[in-house]
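Numbering (mature numbering (1 follows the signal peptide of the UniProt record, and there is no 0)), first residue to last: -20 to -1, 1 to 259.
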């Protein structure tokens, strides 16, 4: 009898252990998305609830009430650098991202509280900024709540929320021009300035339509140091922008020949474009 009781107890212990170890998929799985914007990075950490046959906006997610913008813990938005969010300056940091949906628009709320569970402890006094944006309707419903970055430029992107048939976009921008220009001034003034620094400075002046004479001076020094197809192309495109097609064509031809030997199709096409356009 005693042995039987011991056996039953052992089975009970094993059964309890087995149940304790059962792991089920999360109903609202955690997700993280990141995107470089300018010189900074924007990261969104959130949980992804699904429709599962339910109506969300105006029902499960009531209109006119503060929502956690996800499930479980409040959705977090992390800015590694100061950002312009829908035109408003927001300092670098970690924030809670709440929202208030209505039938007409969608208000994103950046809040100092990044740790609350749900919106139960939301305090308007902790708001950093609110952004009312127009929503769009899509014919391709999103089953699970989705954050993604869209409409990229080197210095901007939209943080886009998709769920059900709703699409809401929050514009983000990091304009690094002042910081980059300060770096260029500091680095190019050094006696031992490297060709890579001069190349980056010349490219930035070219891309932002600044002093092309200065850009060409830097490009000349780069070519003197490194006679490569990418350095000749740098000087060629700058010369072409200044209208000096003689210099541009000579450098583009030199770059083209070297690029063909290296098998770099992108540079081959870029040089052919200069030769075709600069007569």
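Every residue, glycine too, gets a C-beta built ideally from N, C-alpha and C.
**residue 242, buried or exposed, once every other Cβ within 10 Å from all chains shown has been counted against 16** = Indexing the chain shown from 1 puts residue 242 at position 262. Classification for residue 242: exposed.
**Asked** Taking DSSP as the reference, what is the three-state secondary structure of residue 38?
**Response** Stepping through the chain shown from its first residue, residue 38 is reached at position 58. Residue 38: coil per DSSP, three-state reduction.
**Message:** With a threshold of 8 Å, are at least 3 pairs of Cβ atoms found where one atom belongs to the stretch 27 to 39 and the other to the stretch 67 to 75?
**Reply:** Flag = no, the stretch 27 to 39 and the stretch 67 to 75 do not touch.
**Message:** One question on the structure: do residue 78 and residue 102 come within less than 8 Å of each other, judged by their Cβ atoms?
**Reply:** Taking the first residue of the chain shown as position 1, residue 78 is located at position 98. Taking the first residue of the chain shown as position 1, residue 102 is located at position 122. Contact flag set, yes.
**Request:** Indicate whether the contact test is met: 3 or more Cβ pairs, each with one atom in the stretch 250 to 258 and one in the stretch 215 to 234, closer than 8 Å.
**Result:** Judged by Cβ distances under 8 Å, the stretch 250 to 258 makes contact with the stretch 215 to 234, as three or more pairs qualify.
**Message:** Could you pull the DSSP bridge partners for residue 116 from this structure?
**Reply:** Looking up residue 116 in the chain shown gives position 136. Its beta-bridge partners are 147.
**Prompt:** Does the distance from the CB of residue 198 to the CB of residue 178 come in under 8 Å?
**Reply:** On the chain shown, residue 198 is found 218 positions in, with the first residue counted as 1. On the chain shown, residue 178 is found 198 positions in, with the first residue counted as 1. Yes, Cβ-Cβ distance for residue 198 and residue 178 is below 8 Å.
**Asked** Going by DSSP, what residues sit across from residue 187 in a beta bridge?
**Response** Along the chain shown, one-based indexing puts residue 187 at 207. Bridge partners of residue 187: none, in fact.
**Asked** Where in the stretch 163 to 248 do unbroken runs of the alpha helix (DSSP H), each at least 4 residues long, occur, reported from the N-terminal end onward?
**Response** Qualifying alpha helix (DSSP H) stretches, in chain order: 175 to 187, 192 to 205, 209 to 222, 225 to 242.
**Asked** Is it right to say residue -8 is buried, meaning 16 or more other beta carbons lie within 10 angstroms of its own, or is it exposed?
**Response** Start at 1 with the first residue of the chain shown, and residue -8 comes out as number 13. Here the model assigns residue -8 a pLDDT of 48, short of 50, so the residue's position is not dependable and the matter cannot be decided.
**Asked** residue -10 by DSSP, collapsed to three states: which one?
**Response** Counted from its first residue, the chain shown places residue -10 at position 11. Low per-residue confidence applies at residue -10: pLDDT is 46, beneath 50, and the placement is therefore not dependable enough to give any value.
**Prompt:** Can you find a C-beta in chain C that's less than 8 Å from the C-beta of residue 127?
**Reply:** Any reference to chain C falls outside this structure, which holds one protein chain only.
**Message:** Tell me the residue span of the beta strand (DSSP E) that contains residue 28.
**Reply:** Numbered from 1 along the chain shown, position 48 holds the residue referred to as residue 28. No beta strand (DSSP E) contains residue 28, which DSSP labels as neither H nor E.
**Request:** Helix, strand or coil for residue 253, going by three-state DSSP, please let me know.
**Result:** To locate residue 253, count along the chain shown from 1; it is residue 273. The three-state reading of DSSP puts residue 253 in helix, counting H, G and I together.
**Message:** For the pair the stretch 47 to 61 and the stretch 163 to 181, tell me if three or more CB-CB distances fall below 8 Å.
**Reply:** Too few Cβ pairs lie closer than 8 Å, so no.
**Asked** Does the stretch 123 to 136 come within contact of the stretch 9 to 28, defined as at least 3 CB pairs closer than 8 Å?
**Response** Yes, since at least three Cβ pairs between the stretch 123 to 136 and the stretch 9 to 28 fall closer than 8 Å, the two stretches touch.
**Request:** Please check the pair residue 192 and residue 158, which I expect to be a contact at CB under 8 Å, by giving their CB distance rounded to whole angstroms.
**Result:** By 1-based counting over the chain shown, the position of residue 192 is 212. By 1-based counting over the chain shown, the position of residue 158 is 178. About 21 Å; that fails the 8 Å criterion.
**Request:** Could you give the DSSP three-state label for residue 157: helix, strand or coil?
**Result:** Locating residue 157 in the chain shown gives position 177, counting from the first residue. Three-state DSSP puts residue 157 in a helix.
**Asked** Given a threshold of 16 other Cβ atoms within 10 Å of its Cβ, counted over all protein chains shown, does residue 234 qualify as buried or as exposed?
**Response** Against the chain shown, residue 234 aligns to sequence position 254. Result: buried.
**Request:** Use the C-beta contact count for residue 97: other C-beta atoms within 10 angstroms, 16 or more gives buried, fewer gives exposed.
**Result:** As a first step, residue 97 is located in the chain shown; it is residue number 117 there, counting from the start. Exposed: under 16 other Cβ atoms inside 10 Å.
**Asked** Roughly how many angstroms separate the alpha carbons of residue 185 and residue 134, rounded to a whole number?
**Response** Within the chain shown, numbered from 1, the residue matching residue 185 stands at position 205. Within the chain shown, numbered from 1, the residue matching residue 134 stands at position 154. Whole-angstrom Cα-Cα distance: 15 Å.
**Item:** Euclidean distance between Cα positions of residue 190 and residue 156
**Value:** The count along the chain shown starts at 1 and reaches residue 190 at position 210. The count along the chain shown starts at 1 and reaches residue 156 at position 176. Their backbone Cα atoms lie some 15 Å apart in a straight line.
**Prompt:** Do residue 251 and residue 232 have their C-beta atoms closer together than 8 Å?
**Reply:** Translated into positions along the chain shown, residue 251 becomes position 271. Translated into positions along the chain shown, residue 232 becomes position 252. Yes.
**Prompt:** Would you say residue 43 and residue 81 are within 8 Å of each other, going by their C-beta atoms?
**Reply:** As a working note, residue 43 is residue 63 in the chain shown. As a working note, residue 81 is residue 101 in the chain shown. The answer is yes: Cβ separation under 8 Å.
**Prompt:** Should residue 59 and residue 22 be called a contact, given that it needs their Cβ atoms to be closer than 8 Å?
**Reply:** Looking up residue 59 in the chain shown gives position 79. Looking up residue 22 in the chain shown gives position 42. Closer than 8 Å, so yes.
**Request:** Evaluate residue 55 with the Cβ neighbour count: other Cβ atoms within 10 Å of its Cβ, from every protein chain shown; 16 or more gives buried, anything less gives exposed.
**Result:** Taking the chain shown and counting its residues from 1, the one referred to as residue 55 is at position 75. Burial is judged here by how many other beta carbons sit within 10 angstroms of a residue's own beta carbon; residue 55 has at least 16 and is buried.
**Message:** Starting from residue 10, trace the beta strand (DSSP E) in both directions and tell me its first and last residue.
**Reply:** In the chain shown, the residue the question calls residue 10 occupies position 30. From DSSP, the beta strand (DSSP E) with residue 10 extends over 10 to 17.
**Request:** Grab me the residues of residue 106's own chain with a C-beta within less than 7 Å of its C-beta, minus the 5 sequence neighbours each way, in chain order.
**Result:** For the purposes of this step, residue 106 is taken as residue 126 along the chain shown, with counting starting at 1. Correct list, in chain order: 91, 92, 93.
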